[in-house]
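One structure below.
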Amino acid sequence: MEYEGQICRGPMERASYMLPISVGCSYNRCRFCMLFKHLSYRELPLEQIEEELRRVSGLGGDPRQVFLGDGNAFSAPTERLLAILGLIRRYFPGCRGVNMDATVRDILRKPTGELEALAGAGVRTLYLGIECGLDDVLARMDKGQTMAQAGEAIEKLHQAGMGYGAHMMTGIAGRGRGLENARALAGFFNRARPDRIVNFSLFLHRRAPLYQDILAGRFLPADELENLREERLLLSLLETEGLAYDGFHDCITFRVRGQLPRDREKMLRKLEVAIGEYETREPVFAVVP
Ligand code: SF4
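Residues in the sequence shown are numbered consecutively from -7, following this note's numbering.
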């Protein structure tokens, strides 16, 4: 199958077989995101999806884990998702779980019975863009969700038998608000118990709407030093036992990962070293040249 768009999946899905079921993102409004802005959302025909499964199966493929693409595959109608999950079971009998990205609103839109049916048909983990812990920032980013809605959606999917991985971005709250955001996010995650957190620290494309906000003075970006301090505070406050954490700062090629609380001290030491280094440098802002 020819893939349209940028391949977008978290590091925990690297070993999964990626099966696109749609092109683009049906929401596509977040002001920081340029992944799918150039694409019109559409669902791929079931025949095309089945043809791809047949092709891979014919080559001897039987992956244990499948990741459904693209930007928010979970927005598809439940009936369609169940049909795709049925095809996956038919062609990949060894598959133990199917994961995908979802928005908070897509989860809230689906009745509990549909969520249970999806869990029963093999959906294990949804990846949610939680992004930050502050409602005014979510509204400014046009994220389309509040923290209360995120909490409600997570409660619903936990009750249905699914887990979730949270995506977040240090720096999203803007200059001077990193520590405030770290406290709010830690409080949220300590209540909402993600299995994993991936921090894609804010990294702006010059064509992103948020970059225009910076140029117009509507958003003041934090520098990487503030983002590292935000991450340090967040890691010191997270309490969930066994929580996997992976933080990327692409602009300064810094990454910190481990399991909490087991690796907390090691992760904080790594952050301390990076913070010490950036305290002596000119501010660095994460913008794609
Ligand atoms: S961040 Fe996610 S939901 Fe928002 S526009 Fe990008 S892909 Fe769509």
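Backbone N, C-alpha and C define an ideal beta-carbon position, used for all residues, glycine too.
Computed from a predicted model, the values in this text were never measured in an experiment.
Do the region 102 to 109 and the region 130 to 138 meet, that is, are 3 or more Cβ pairs less than 8 Å apart?
As far as the Cβ criterion goes, the region 102 to 109 does not touch the region 130 to 138, which means the pair count is below three.
Go ahead and pull the three-state DSSP assignment for Leu27.
It is coil, neither helix nor strand.
DSSP state of Gln137, grouped into three classes?
Gln137 falls in the coil class under three-state DSSP.
Assuming Ala113 contacts Leu149 (C-beta within less than 8 Å), just tell me the rounded distance between them.
So it is not a contact: roughly 14 Å between Cβ atoms.
Hey, Val58 and Ile41: beta-carbon distance below 9 Å or not?
No. Outside cutoff.
Within 10 angstroms of its Cβ, does Gly63 collect 16 or more other Cβ (buried), or is it exposed?
The residue in question, Gly63, is buried, as its Cβ has 16 or more Cβ neighbours within 10 Å.
Leaving out the 5 sequence neighbours to the left and right, which residues in its chain are closer than 7 Å to Pro201 when beta-carbon positions are compared?
So the list reads Arg23, once near-sequence residues are dropped.
When you measure from the CB of Lys135 to every non-hydrogen atom of the ligand SF4, does any distance come out below 8 Å?
Within the cutoff, so yes.
Confirm the yes/no value for this check: CB of Asp93, any heavy atom of the ligand SF4, distance under 8 Å.
Checking the Cβ of Asp93 against the ligand SF4 gives yes.
Tell me the residue span of the beta strand (DSSP E) that contains Val129.
Careful: Val129 lies outside any beta strand (DSSP E), inside the alpha helix (DSSP H) at Asp127 to Arg132.
Kindly indicate which three-state DSSP category Ser14 falls into: helix, strand or coil?
Strand, per DSSP.
Please work out which residues of its chain come closer than 8 Å, Cβ to Cβ, to Val280, disregarding the five sequence neighbours upstream and downstream, and give them in chain order.
Cβ within range, chain order: Phe195, Leu196, His197 and Arg198.
List the whole-angstrom C-beta distance separating Ala294 from Ser8, where the pair is believed to meet the contact cut-off of C-beta under 8 Å.
What is shown of the chain runs -7 to 281, which leaves residue 294 out entirely.
The ligand SF4 and Leu100: does the residue's C-beta get closer than 8 Å to at least one heavy atom of that ligand?
Because no heavy atom of the ligand SF4 lies under 8 Å away, the Cβ of Leu100 does not count as near it: no.
Check this for me: beta carbons of Asn191 and Phe240, under 9 Å apart or not?
Cβ distance < 9 Å, so Asn191 and Phe240 count as in contact.
For the beta strand (DSSP E) containing Gly53, name the first residue and the last one.
From DSSP, Gly53 is part of no beta strand (DSSP E); its letter is neither H nor E.
Helix, strand or coil, according to DSSP, for Gly61 in the structure here?
Reduced to three states, the DSSP call for Gly61 is strand.
If we count Cβ pairs, one from each stretch, closer than 8 Å, do we get three or more for the region 32 to 39 versus the region 85 to 97?
Contact fails: fewer than three Cβ-Cβ distances are below 8 Å.
Taking the straight line between their C-alpha atoms, what separation do you get for Arg254 and Ser228?
Computed Cα separation, rounded: 12 Å.
For Arg249, report the span of its beta strand (DSSP E) as first-last.
Here the beta strand (DSSP E) through Arg249 covers Phe246 to Leu252.
Are the region 210 to 227 and the region 158 to 167 in contact at 8 Å, needing three or more beta carbon pairs?
Yes: at least three Cβ pairs fall under 8 Å.
DSSP state of Leu120, grouped into three classes?
Strand.
Would the beta-carbon of Ala158 fall within 9 Å of that of Tyr203?
Contact flag unset, no.
How is the beta strand (DSSP E) around Ala214 delimited, first residue to last?
Ala214 -> no beta strand (DSSP E), and no H or E assigned at all.
Give me the Cβ distance between Phe180 and Thr232, rounded to the nearest whole Å; I'm assuming they're in contact under 8 Å.
So it is not a contact: roughly 11 Å between Cβ atoms.
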